[in-house]
Amino acid sequence: MDMITIPAVNFTPILPEIFLSVLAMVLLLINVFIPGDRKAYLGYLSFVGIVAAGVLVAAGWGGHIESFSGSVVLDNFATFFKMIFLVSAGLAVLISDQYMEREGCNHGELYPLILFTVVGMMLMASGTDLMTIFLGLEVMSVALYVLAGFNRKNPKSNEAGLKYFLLGCFSTGFLLYGMALTYGATGTTRIAKIAAVVGQMSLPSANIMLVAGMLLMLTGFAFKIAAAPFHMWTPDVYEGAPTPMTAFMSAGPKAAGFAAALRIFLVALPTLQVEWSQVLWVLAVLTMTVGNITALRQDNIKRMLAYSSIAHAGYALVGFTAGNGTGTAGILFYMLSYAFMNIGAFAIIILVGKKGESNGNVQDFAGFGVKHPVLAVAMSIFLFSLAGMPPTAGFIGKFYLFSGAIQQGYIWLAIIGVLNSAASVYYYLRVMVFMYMKDPTEEFDWMQVTAPMALCVAISVIGSLIPGIIPSLILQFAQQAIKLI
Amino acid sequence: MLGAYLPILLLVIVAIGFGLVSLVMSSLIGPKKFSVLKMSPYESGCEPVGTGQERFSIKFYLIAMLFILFDIEAVFLYPWAILYKKLGMFGLIEMGIFIVILFVGYIYVWKKGALEWE
Amino acid sequence: MFDYVWLIPFFPLVGFLINGFFGKKIKNEAVIGAIGTLAIFSSFIVSCLILVEMIGLSPEKRVFEKVVFPWIHSGNFKADMAFLLDPLSCIMIMVVTGVGSLIHLYSIGYMHGEEGFYRFFAYLNLFCMSMLLLVLGSNMLVMFIGWEGVGLCSYLLIGYYFHKKSAGDAAKKAFVMNRVGDFGFLIGLFTLYWWLGSNHNIWTINFTEIKAASHLLPYGGVVTVATLCFFVGATGKSAQIPLFTWLPDAMEGPTPVSALIHAATMVTAGVYMIGRMSFVFIKSPETMMVVACVGAATAIFAATIGTAQNDIKRVLAYSTVSQLGFMFLAMGVGAFTAGIFHLMTHAFFKACLFLGSGSVIHAMHYALHKGHLHDDAQDMRNMGGLKKAMPITFLTFFVSTIAIAGIPGFSGFFSKDEILWMAFANPLHGNLNILLWGTGAIAACFTAFYMFRLVFMTFFGECRINSKVKDHLHESPLVITIPLMVLGFLAVFGGYIGMPKLLGMLPNYFEHWLEPVFELAGEYGATYAHHGAHPSHAVEWALMGGSVVIALIGIAIAFTMYVQNTALPKKFTDTFPTLHRAVYNKWYIDELYDYAFVNPCKALGQFLWKGFDVLVIDGIVNGVAGVVMGCSGVFRYMQSGLIHNYAWSMAFGVVVMLGYYVFK
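Residue numbers (my numbering), protein chains in the order written: chain A, 1 to 485; chain B, 1001 to 1118; chain C, 2001 to 2664.
Right, here's the structure in full:
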């Protein structure tokens, strides 16, 4: 009887994933054995776990290990993105407890679900096989559907979860079909092999099956990063989902979508760059414009930031369209800084908000600058960064994205981007106008700022300021990260 | 290449055909004598209570879902059992991990009270 | 040591962070003051060490560039956070940190008991950091950050007493005028960057690289455009015609602020910038002429206004404007070394004067407060005879006044005489030289006059204030007088490092020191210089004597009018009422600006707000939102939250995309 030879498997590339999965399961078990008022400990545990995972990920910097017969890789690109996921998850965990406690849905399952999401995102970033990427995407998405509808007693949250689930399934269909067509056209799902096969085609753009596969995959990822016209779910879901999860969703999974899409398009399909960058050009313009223009008139600040997050995906798409070193490094840089500034802004929104998701309008920020000067300064920094003003990380990020486009000759795209960015200043500054120039409606309101919350705000301030002042701190890593793809 | 899939196609055709043919044949040649007792829902020989279209608890749904979940996972054990000797230690450990993961889910479900009726 | 140059702006930054974030909690004034002062003093120590090391190097090796971290690299554009150490920046860091330390120390005493003590020190530190960035920056972008930073800090510090409306207005005025100047700076920067880049493919904003490529720049033409833009920036920051009116108003800030920002450091930024880019400025004869003329005009214009002001700080403010005019005159005639030299000596004596005036105001304030009087503590008409009550303040103030008046043996003489001589003898401007020299000389006469008028009115004669208050007048504490004494000492002896060759007692160390910096500019200047007869030593002696005589005349007039015959000023104003009113009201420049610029701007602003904003902007926003929300019925329907519409939108997108590629 022959033994089946087991291929030598190197587990190093997925060590953080394994660690987080085990942690998530342990937390799940702990959750059912501890009483309901101690759920905060799960948050602390998962934060510690995320930090530990961060150390594991960081230890892998500079290495290049392929494993599972080439379907998973450990490289700087994956490592950089994994860090983004961990940052957004870590910050989301920090702001969750206070919110969940207030809204009365402090179920311990939240933390394992966040960790599973991170595992999925990590697989997306390190997957070098269409199947691995798809697997990661599904692990991420399923957990996210639950997170979006986590506040079961709130109908809006339920609506968000269901909408996200249905539309997510719909988009997954496109993605999978795209992958299937690509497999049909090339006979493989390994990204490197696809690149080799496509590279040998005399005229890949004439291969309808391949082009259709590419476009359908693009659709799937465009949905995940909320690019117009596949963005329709975003405002509803972001508004309905629990605020910490909105913050998380707008930062982590978006970055994961970019990670997978960048790897597929830049590594597997560089020969089709003319085709996909044409589509991305249109998507970028649509996304930026729709996001910004709709955000102008939003009063609900969560909804406003939802549209703004659509716009930010559009800016990142500008860098993607360029597809060159500056642009892609810009995406990496931008996604990391966006995680800081956006989650920071959401943290302030949670602090301002009151039970039952109330107090979430721009008008409710009236007099905030007088009542809570430190938090108001922090919020101003986040808003400045989101608006892309120097000396914040948002400015540097946009600078690199747009200059990447200019270097590649997409002058008009950069101009549209800058115009959009200028328009966006209006709605960010509007919040600041309310904070500093309007009198508060109430004399005084007591605000509870828990230690994790304060930590999150502090980290976010640092994360949105320091890369703006010393961009090379982050940028050199981003530039090394994109060298391998 | 597609020829390799022909037996499967044939199997599908035969399976569907068998079902269809037996249904059609029985309705064609079987004698039809209706009575109240005969048309009432079958409840394992007992006297039927109420109608057959009653609303039933959503808990059935949960139980059913969990059943299917664990059932399907259990199916994975069969191929492993067949290749057990060939896979050796590696297979054993892999399956152990698989079952532990299932077990974690099971404990979670149990402690959450999803298996309790009331 | 050069590698540690980053410590120089770093220490004040730390001071700012500590005081800014924890100052409110620290509360203890001594601790806050010590942190702030130590921060800048540490920078001073580092600067000293760097200076010593640089002196030890041979002149051609005295250039060092330290990249702290790579900053923005994108395509052709490259800007590092980098510092440039050369003899010029060395002098500037010495002045900024040295004078800055003394002013910090002084502030501990002066600001005692003020609300927001910590805020003041945080701002001071931030200001020093910005100024140090400005002078150390090795490229225009770092310089520009410092440039903006000092503008921001001066806004914060002028408006320190923000509950006072006049302070708020002054702060706004300073900010707006600086902003006008900054705009010029930026345009100049872009012009230069673009021209060098597009014509010679040298895309750089680094000073050293521009210097290396400066031989490619043409004489005049685009260089004139760029340098004129830079000069607009300089006029804004250094309070020259036409953007000078903010500086006198800036006296609304606390006195140490006036001393630090509006006398010793920030306003010299424009002069420094021209010095830093001397090799560009000299390539445009037209700009040089404009700089010289504006400098001379400002010098005399501000000096005349200074003669009629009664507020002690206001006189000093106009004197600053006037002295800055001298510096620009020096720059404009190609005497860069003389300009920087005057910048340094001026920093000494003007800081001393301002701090001295602060000491006086402090004493007056206290006395008036004790006497329950509400007279103006800054009005010189209320002072007089303070000599006896405040001996140290008087002595330091007096020597500084002699220095600024240009009496031989004191620092101001050496630098001012050098400037006037160069205005006369420079080879750049031909026949204009006589005019430049004449204007400068008359301005020097006025300077001597109004400064001694100030001294006589404040310290001499009888005390004009209520006698019961008189006894409360007393000398300021040591923490205030020590900086005064140090600065007074420097005001006397600081000039000896730059003695004119003619006097020949000491070599002109200062000129030798700056030679490597301005050598290239000299070479460029020589290419279009007028080769007339070189004035002889006799002429130089004569002019030197002349300028001394002129200063003495000014002093004599002041002595006659304000000590001997105190009725004379009254008689004078009665005889020439219109002239006096015009001078007293600063030639109605503020009113003119209000009429010519401010009111139209306000009207425009009003129009933009009421008309443009409401109609056009809101119209556009509404219109666009209308387009998004209303025009497209389908789109609106989709936004209604119905999930199948969302799905339709996605399907639509896919179909369009696929359709385009399949059927194209």
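Built from N, CA and C at the ideal position, the CB exists for glycine as well.
Who pairs with residue i in a beta bridge, going by DSSP?
i                       : result
residue 2119 of chain C : Bridge partners of residue 2119 of chain C: none, in fact.
residue 73 of chain A   : A:66
residue 354 of chain A  : A:358
residue 2085 of chain C : C:2064
residue 2073 of chain C : C:2078
residue 129 of chain A  : A:190
residue 2379 of chain C : C:2311
residue 2426 of chain C : DSSP lists no partner for residue 2426 of chain C.
residue 300 of chain A  : A:361
Are any of the Cβ atoms in chain A nearer than 7 Å to that of residue i?
i                       : result
residue 2074 of chain C : yes
residue 2223 of chain C : no
residue 1104 of chain B : yes
residue 1108 of chain B : yes
residue 2636 of chain C : Residue placement at residue 2636 of chain C is flagged as unreliable, the pLDDT there being 46, under the threshold of 50; the coordinate-derived value follows with that caveat. No, residue 2636 of chain C lies away from the interface with chain A (no Cβ there is under 7 Å from its Cβ).
residue 2162 of chain C : no
residue 2082 of chain C : no
residue 2647 of chain C : yes
residue 2069 of chain C : yes
residue 2658 of chain C : yes
residue 2650 of chain C : yes
residue 2236 of chain C : no
residue 2193 of chain C : no
residue 2150 of chain C : no
Closer than 7 Å, CB to CB, is residue i near chain C or not?
i                      : result
residue 470 of chain A : yes
residue 10 of chain A  : no
residue 229 of chain A : yes
residue 301 of chain A : no
residue 211 of chain A : yes
residue 233 of chain A : yes
Can you tell me whether residue i is buried or exposed, with buried defined as 16 or more other CB within 10 angstroms of its CB?
i                       : result
residue 1116 of chain B : exposed
residue 1005 of chain B : exposed
residue 75 of chain A   : buried
residue 1025 of chain B : exposed
residue 458 of chain A  : exposed
residue 1012 of chain B : exposed
residue 213 of chain A  : buried
residue 410 of chain A  : buried
residue 1071 of chain B : exposed
residue 2509 of chain C : exposed
residue 2659 of chain C : exposed
residue 2574 of chain C : exposed
Quick one: does residue i have its CB under 7 Å from some CB of chain B?
i                      : result
residue 28 of chain A  : yes
residue 124 of chain A : no
residue 25 of chain A  : yes
Run through chain F and tell me which residues come within less than 8 Å of residue i, C-beta to C-beta.
i                     : result
residue 33 of chain A : The structure shown contains no chain F; its protein chains are A, B and C.
Got a sec: which bits of the region 1055 to 1072 of chain B sit with their beta carbon under 7 Å from any beta carbon on chain A, in order along the chain?
none
List, from N- to C-terminal side, the alpha helix (DSSP H) runs of 4 residues or more that fit wholly inside the region 2126 to 2207 of chain C.
2140 to 2158 and 2165 to 2200
Short-range partners of chain C found in the region 156 to 171 of chain A, where Cβ spacing is below 9 Å:
159, 162, 163, 166, 167, 170 and 171
Contiguous alpha helix (DSSP H) assignments of at least 4 residues, all confined to the region 331 to 413 of chain A
The region 331 to 413 of chain A contains these whole alpha helix (DSSP H) runs: 368 to 371, 373 to 387 and 393 to 407.
Whole alpha helix (DSSP H) elements within the region 80 to 110 of chain A, 4-residue minimum
Counting only runs of 4 or more, we get nothing.
Where are the alpha helix (DSSP H) runs, 4 residues long or more, that stay fully inside the region 111 to 182 of chain A, in chain order?
130 to 148
Within the region 2216 to 2287 of chain C, note down every full alpha helix (DSSP H) run reaching 4 residues or more, in order along the chain.
2222 to 2238, 2246 to 2249, 2255 to 2259, 2269 to 2276 and 2278 to 2281
Would you list, in chain order, the members of the region 231 to 262 of chain A that have their beta-carbon closer than 7 Å to a beta-carbon of chain C?
232, 233 and 236
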